[in-house]
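Every position in the sequence shown, counted from 1, becomes a number in our numbering once 711 is added. Have a look at the structure below before the remarks.
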Amino acid sequence: MLLISRKNDYFPSYHLDMQRFLFGREFRAEELPFPDKVVKEHVKNGYVAVRPGIESLNDNIFDLLSGRKKWLCARCGNRDQEAFATCACSHCRKKCVYCRHCLTMGIVRSCTNLVTWIGPEPESWTCSTHNDVQLCTWDGRLSDDQNAAAAALDQALTARESFLIWAVTGAGKTEIMYQAIEHQLKKGKHVVLATPRTDVVRELLPRMRAAFPSVPISGLYAGSDDVRADAPLVLSTAHQLIRYSKCFDCVFIDEVDAFPFHFDPMLEFAVRKAAKPGAPFAYLSATPPAALRSAYLSGSLSGVKLSRRYHGHPLPVPRFHWIGGWLRAIQKGQLPVPLRVWLTEKMEQKRQVFVFVPSVTLSRDLTEILQREAFDRTVGVHAEDPHRHTKVADFRNGKINILVTTTILERGVTVPGVEVCVVGADDPVFDECALVQISGRVGRSAEYPAGDLVFFHNGKTLAMVRALGQIKQMNKEGAL
Ligand SMILES: [Zn+2]
Ligand SMILES: [Zn+2]
């Protein structure tokens, strides 16, 4: 008898846990910490939806006739047939297709079921009942330009319209978002700020926590242990959003140009999937991609342009300096003379510098040369460097003078008074957008609004010339 009554009880006792666990997210069935029968009961009662992880794309008659099968991964949106493989499945004991594209987040096979919550929203953390409480305690002052942008952004998102903030590097984009974020949170909305890179999440997280001390904020990036599924404000890399589904009422995309959307459609898919249908997007960028730029210029996307930094000073303008056969010199273990002259001068002036190089190998080689040549306190970083975050922190604290880096630090890392050179600015990895971002590292603080910025090159490229033109144009507009 007891057993029978238990059987009828399990549903309510698991129900709330399940709602909290699943809401706004998507899991493989085997990842759920609930008994199968509970899940089935929820499916039967319309709270939970289940769909296959791998779908067949054979909707075209030619594929059907040829017998060739085409697949789509429902979790990551992968349609690249090269990124599917087959295995003898240990789960269903058949031959199963699986997606290689999102394999690092746990295998999705043909026999995998993806599970989402489709029932009512949980009673989430919300401030709508005490609307007069200030959530944002940031007490800095916005410039008039920033204020106007903040109000326009807030208004657009309230009207459920997408918006572009086209702002020069160092315009203070983060502070411009505060008003709109606070407003959305007060209405009980779920807000996500998606950024392209781990470094950006790590840089923004403490600032957001300081600005919104009473709001639970989750920071998601590869290796973060800070996963609070029900946090009303989430800062995340695009990759980590793959685990979400129809969760957010409002999406901020910081540095939208840096999303390699055209190289990796999965990231765009992940961000779109994480948003609720019809959720407005706020795009923030110094160098918006062509599609957004033309949508804004033609009036189909509303937005504002900020051509001035928050401290009112113009953007530092890069100098071009010919450096000749720098690559061979470094490969032979020598320090190119113009670089030596520049670095010696900077060290005498007690400046901290970023030295940007085109590749990981060059970052290693040049760091070694500099250390050997007694440029003290020099370190190199690149994307796979396990000590990268410590090194960046040491640089911030002034323990390091010279940071040799690949383009991973082109954005997000702000250090007052830093000066910058790009070695091999003519290399194709330094496109117009990257060069503008790199230039934006200089002169960001009000105490040090200027600074030296050199592109060492062995022949001017179109990207260099365009980046220079863009910076000068912004300065011209900002001076008006
Ligand atoms: Zn996939
Ligand atoms: Zn299987």
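Note that CB positions come from ideal geometry on N, CA and C, so glycine has one too. Note that the coordinates shown come from a computational prediction; the quantities given were computed from them, not determined experimentally.
Can you tell which of the options has its C-alpha closest to the C-alpha of residue i?
| i | options | result |
| --- | --- | --- |
| Ala981 | Lys751, Arg731, Lys781 and Cys813 | Cys813 |
| Lys984 | Leu995, Ala997, Cys961 and Arg1004 | Cys961 |
| Arg1062 | Ala922, Val761, Phe795 and Val1153 | Val1153 |
| Thr959 | Val945, Ile1182 and Lys1171 | In the sequence under discussion, the amino acid at residue 959 is Phe, which differs from the Thr named in the question. Nearest of Val945, Ile1182 and Lys1171 to Phe959, Cα basis: Val945. |
| Pro1025 | Ile1034, Ala859, Glu1056 and Gln1181 | Gln1181 |
| Asp855 | Ala882, Pro833 and Glu737 | Ala882 |
| Trp1053 | Ala942, Ala878, Asp1076 and Leu1081 | Leu1081 |
| Met1175 | Phe1106, Phe732, Arg1030 and Asp1096 | Arg1030 |
| His950 | Arg918, Glu979, Val1147 and Thr1055 | Glu979 |
| Ser935 | Thr948, Arg1051 and Ala942 | Thr948 |
| Arg920 | Leu1191, Glu886 and Cys798 | Glu886 |
| Met1058 | Lys1102, Ala863 and Ile1111 | Ile1111 |
| Trp828 | His753, Lys781, Gly1189 and Ala878 | His753 |
| Ser1150 | Tyr1159, Glu1158 and Glu1130 | Glu1130 |
| Val759 | Glu1056, Arg736, Leu1173 and Val826 | Val826 |
| Pro943 | Pro1069, Leu896, Gln1060 and Pro1000 | Leu896 |
| Leu1120 | Val911, Asp728 and Leu1191 | Val911 |
| Ser1074 | Glu1084, Ala1094, Glu1056 and Thr1055 | Ala1094 |
| Val902 | Pro1127, Ser929 and Val749 | Ser929 |
| Gly1162 | Val1126, Arg1177 and Glu1188 | Val1126 |
| Leu1146 | Ser801, Lys884, Tyr1159 and Leu1179 | Leu1179 |
| Lys1016 | Lys805, Arg918, Gln1060 and Asn1186 | Asn1186 |
| Ala1085 | Val1071, Thr1055 and Asp965 | Thr1055 |
| Phe1106 | Glu741, Lys755, Val1066 and Lys780 | Val1066 |
| Arg1155 | Lys1102, Ile1034 and Val1028 | Val1028 |
| Gln1148 | Lys1102, Lys957, Thr880 and Tyr994 | Thr880 |
| Ala867 | Lys884, Met888 and Ala878 | Met888 |
| Ala862 | Gln845, Ile892 and Leu846 | Ile892 |
What residue range is occupied by the uninterrupted beta strand (DSSP E) comprising residue i?
| i | result |
| --- | --- |
| Thr1089 | Thr1089 to Val1092 |
| Arg1030 | Arg1030 to Trp1033 |
| Ala878 | Phe874 to Ala878 |
| Glu1130 | Glu1130 to Val1134 |
| His1168 | Leu1164 to His1168 |
| Trp1053 | It is not in any beta strand (DSSP E) - Trp1053 instead sits in the alpha helix (DSSP H) that spans Val1048 to Glu1059. |
| Asn824 | Asn824 to Trp828 |
| Arg762 | Val759 to Pro763 |
| Ile964 | Cys961 to Asp965 |
| Val945 | Leu944 to Thr948 |
| Trp782 | Trp782 to Cys784 |
Mind checking whether the beta-carbon of residue i lies closer than 7 Å to any heavy atom of ligand 1?
| i | result |
| --- | --- |
| His1022 | no |
| His1168 | no |
| His812 | yes |
| Arg983 | no |
| Arg908 | no |
| Asn789 | yes |
| Arg762 | no |
| Arg739 | no |
| Arg736 | no |
| Arg786 | yes |
What are the boundary residues of the alpha helix (DSSP H) that includes residue i?
| i | result |
| --- | --- |
| Cys1144 | Glu1143 to Ser1150 |
| Phe1106 | Arg1099 to Arg1107 |
| Ser1209 | Coverage of the chain is limited to positions 712 through 1191, which leaves residue 1209 absent and any answer about it impossible. |
| Gly1180 | Leu1173 to Ala1190 |
| Tyr889 | Lys884 to Lys897 |
| Lys751 | Asp747 to Lys755 |
For ligand 3, any of its heavy atoms closer than 7 Å to the Cβ of residue i?
| i | result |
| --- | --- |
| Cys798 | Ligand 3 is not part of the structure shown, which contains ligand 1 and ligand 2 as its ligands. |
State yes or no: is the beta carbon of residue i nearer than 8 Å to at least one beta carbon in chain C?
| i | result |
| --- | --- |
| Phe734 | In summary, chain C is missing from the structure at hand, where a single protein chain is found. |
**Request:** Give every residue whose Cβ lies closer than 7 Å to any heavy atom of ligand 2, listed in chain order.
**Result:** Cys800, His802, Cys803, Lys805, Cys807, Arg820, Ser821 and Cys822
**Prompt:** How about the region 1134-1141 and the region 1161-1168: do they share at least three Cβ pairs that are nearer than 8 Å?
**Reply:** Touching, per the Cβ criterion.
**Prompt:** Any contact of the region 1009-1019 with the region 814-824, i.e. 3+ C-beta pairs under 8 Å?
**Reply:** no
**Asked** Is the region 846-859 touching the region 776-796, taking contact as three or more C-beta pairs under 8 Å?
**Response** With the cut-off at 8 Å, the region 846-859 and the region 776-796 do not touch.
**Request:** Report yes or no: do the region 1045-1057 and the region 900-910 share at least 3 C-beta pairs separated by less than 8 Å?
**Result:** Short answer: they don't touch.
**Segment contact flag, the region 866-879 with the region 985-992, C-beta cutoff 8 Å, min 3 pairs** = yes
**Asked** Are the region 1032-1041 and the region 1124-1136 touching, with three or more C-beta to C-beta distances below 8 Å?
**Response** yes
**Item:** Touch test, the region 918-932 against the region 1104-1119, Cβ-Cβ under 8 Å, three pairs minimum
**Value:** no
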